[in-house]
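Engineer:
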Ligand SMILES: [Zn+2]
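Numbering (mature numbering (1 follows the signal peptide of the UniProt record, and there is no 0)), first residue to last: -23 to -1, 1 to 412.
(1) What did DSSP end up calling residue 103 once you bin it into helix, strand or coil?
(2) When you compare the CB positions of residue 296 and residue 61, do they come within less than 8 angstroms of one another, or not?
(3) Would you say the beta carbon of residue 149 comes nearer than 7 angstroms to a heavy atom of ligand 1?
(4) Out of curiosity, what's the CA-to-CA distance linking residue 328 and residue 67?
(5) Who sits around ligand 1, taking every residue whose Cβ is closer than 7 angstroms to one of its heavy atoms?
(6) Can you tell me where the alpha helix (DSSP H) with residue 312 in it begins and where it stops?
(7) Quick one: what does DSSP say residue 146 is sitting in, helix, strand or coil?
(8) Mind checking who residue 204 pairs with in its DSSP beta bridge?
(9) Considering only the beta carbon of each residue, do residue 131 and residue 88 sit closer than 8 angstroms?
(10) Just to confirm the assignment, what range does the beta strand (DSSP E) spanning residue 196 have?
(11) For residue 415 and residue 181, I'd like the C-alpha separation in whole angstroms.
(12) Evaluate the contact criterion for the segment 21 to 28 versus the segment 88 to 105: three or more CB pairs, one atom per stretch, below 8 angstroms.
(13) Whole angstroms are fine: how far does the CA of residue 152 sit from the CA of residue 195?
(14) In terms of residue numbering, what span does the alpha helix (DSSP H) encompassing residue 241 cover?
(15) Taking only the alpha-carbon atoms, compute the straight-line gap between residue 223 and residue 217 and give it to the nearest angstrom.
(16) Output yes or no for whether 8 angstroms exceeds the beta carbon distance between residue 228 and residue 280.
(17) Applying the criterion that 16 or more other CB atoms from any shown protein chain within 10 Å of the CB defines a buried residue, is residue 111 buried or exposed?
(18) Just reading off the beta strand (DSSP E) that residue 416 is part of, what are its end residues?
(19) Below 7 angstroms CB to CB, which residues in the same chain sit around residue 304 once its five sequence neighbours on both sides are set aside?
(20) Closer than 7 angstroms by C-beta to residue 148: which residues in its own chain qualify, once you throw out the five before and the five after it? Chain order, please.
(21) Could you spell out where the alpha helix (DSSP H) holding residue 257 opens and where it closes?
(22) Look at the alpha carbon of residue 51 and the alpha carbon of residue 185, and state the distance between them as a whole number of angstroms.
(23) Could you tell me whether the segment 99 to 116 touches the segment 312 to 328, where touching means 3 or more Cβ pairs closer than 8 angstroms?
(24) Which residue's Cα is closest to the Cα of residue 221: 252, 44, 103, 205?
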């Protein structure tokens, strides 16, 4: 369904050349095929990307005791990207203190999900104590935050966001058409039968995109206890895995599930879908950030949140589908989800009890220097069997290949068997592709 919507969207683009400029100027735009009006960006509610980043930078400069900012830039093949990272740490010089509990949050990975970056700005305002959460005692908040280092990426996909701002409201990919939530290394490049490159183009290789390279490097060096990838398009609290229809087993899974249940009760009023991304959203997603954070970086609590969606919006009306369009909903979403994050700040460290299990894959991964990954192994990785690949990796490749062949033949047999019994209606549908 989601891919079908994108095909519709592509069709729509082809037949509406000047719609974008009209929309960017704030006029309601007619959908050419059906005459449905398309909702433009509400500039009374939403900052432009440049304004939002400027607001964040000036906020940081007003609070040097708590906030600091770094911008990372890289590029390849003529495409350049930059990511600005804000670090929150009371008594700022201790931000490298490895005894502190570390949280990494990313917003705006998909260009069209503007509300997520507004949430990042709201959170930073609350962290700096320029704004306050209703019903929260400032002194207890300060005690909660005392032992934390929080890194916030307010706009992971700045180039994609700029495309949305000139009128392509359905664009979710980066500035050269790659979906940044399909460009990571776990199960990368696998395509479902209804794969649509307009939505899910995974790039030419894992970590082909500068934005993903920067995020990966950030995660490896910061080594967070909690990762949250913030999206919109529906209301959901997802834990691994996105690429398969299961959650991890044992204690790590129970911890994540407990936290998500709590958030759903207290802040989402039980509206949120909850569980593994792959098992809940209606489609499997391959090469996602959250699966990589959990499986390879070894982040013990890795999540994808979907903070808002309008399932009644027309399939072409992407701004309305992914973002609140009126003031009261806009404020409700920002207040509820800011509060949800502060619940995470409070409960997260207790859940992990300051111990963190690390898996084998993560230790193996870290034995290779980060810069080697960035400068050679990943960025210029033209051959899957390049000379730098570890012997163990080659063995695993073969095992994986045999396993996939086995799975494929089993699935084929199952399919032949099932198709004789009944006609399938196809896989479940969702109103949009948020994840
Ligand atoms: Zn998204």
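Each residue gets a CB set at the ideal place from its N, CA and C atoms; glycine is no exception.
Structural biologist: To lay it out plainly:
(1) The residue labelled residue 103 in the question sits at position 126 within the chain shown. Helix at residue 103.
(2) Residue numbering aside, residue 296 sits at position 319 when the chain shown is read from its first letter. Residue numbering aside, residue 61 sits at position 84 when the chain shown is read from its first letter. No, these two residues do not count as a Cβ contact at 8 angstroms.
(3) Numbered from 1 along the chain shown, position 172 holds the residue referred to as residue 149. Indeed, a heavy atom of ligand 1 lies less than 7 angstroms from the Cβ.
(4) The sequence position of residue 328 within the chain shown is 351, counting from 1. The sequence position of residue 67 within the chain shown is 90, counting from 1. Rounded to whole angstroms, residue 328 to residue 67 spans 22 angstroms at the Cα level.
(5) The set of residues whose C-beta lies within less than 7 angstroms of a heavy atom of ligand 1 reads, in chain order, 86, 87, 90, 149, 158, 208, 209, 210, 411, 412.
(6) As a first step, residue 312 is located in the chain shown; it is residue number 335 there, counting from the start. First-last of the alpha helix (DSSP H) with residue 312: 304 to 329.
(7) Mapped onto the chain shown, residue 146 falls at position 169. Three-state result, residue 146: coil.
(8) Counting from one through the chain shown, the residue named residue 204 turns up at place 227. Its beta-bridge partners are 81, 279.
(9) As a first step, residue 131 must be located in the chain shown, where it is residue number 154. As a first step, residue 88 must be located in the chain shown, where it is residue number 111. For the 8 angstroms CB-CB criterion, residue 131 and residue 88 do not form a contact.
(10) For this step, residue 196 is matched to residue 219 along the chain shown. Segment 187 to 199 is the alpha helix (DSSP H) holding residue 196; no beta strand (DSSP E) there.
(11) Residue 415 falls outside the range modelled here, since the chain spans only -23 to 412, and no answer is possible.
(12) A contact is defined here as three or more CB-CB pairs under 8 angstroms, and the segment 21 to 28 meets this definition with respect to the segment 88 to 105.
(13) Taking the chain shown and counting its residues from 1, the one referred to as residue 195 is at position 218. Taking the chain shown and counting its residues from 1, the one referred to as residue 152 is at position 175. About 21 angstroms.
(14) Taking the first residue of the chain shown as position 1, residue 241 is located at position 264. Counting along the chain, the alpha helix (DSSP H) containing residue 241 begins and ends at 228 to 243.
(15) In the chain shown, the residue the question calls residue 223 occupies position 246. In the chain shown, the residue the question calls residue 217 occupies position 240. For residue 223 and residue 217, the distance between alpha carbons rounds to 8 angstroms.
(16) The sequence position of residue 228 within the chain shown is 251, counting from 1. The sequence position of residue 280 within the chain shown is 303, counting from 1. The Cβ atoms of residue 228 and residue 280 lie no closer than 8 angstroms to each other.
(17) Mapped onto the chain shown, residue 111 falls at position 134. Counting C-beta atoms within 10 angstroms of its own C-beta, residue 111 has fewer than 16 neighbours from the protein chains shown and is therefore classed as exposed.
(18) The question about residue 416 has no answer here: the residues shown for the chain are numbered -23 through 412.
(19) In the chain shown, counting from the first residue as 1, residue 304 sits at position 327. Excluding the 5 residues flanking it on each side, residue 304 has same chain C-beta neighbours closer than 7 angstroms at 22, in chain order.
(20) Here the question's residue 148 lines up with position 171 in the chain shown. Once the five neighbours on either side are set aside, the close Cβ partners of residue 148 are 88, 89, 137, 140, 141.
(21) On the chain shown, position 280 is the one that residue 257 refers to. Note, residue 257: alpha helix (DSSP H), 254 to 257.
(22) Taking the chain shown and counting its residues from 1, one reaches residue 51 at position 74. Taking the chain shown and counting its residues from 1, one reaches residue 185 at position 208. Between residue 51 and residue 185, the C-alpha separation is close to 12 angstroms.
(23) They touch, by the three-pair rule.
(24) Stepping through the chain shown from its first residue, residue 221 is reached at position 244. 252 is the residue among 252, 44, 103, 205 whose C-alpha sits nearest the C-alpha of residue 221.
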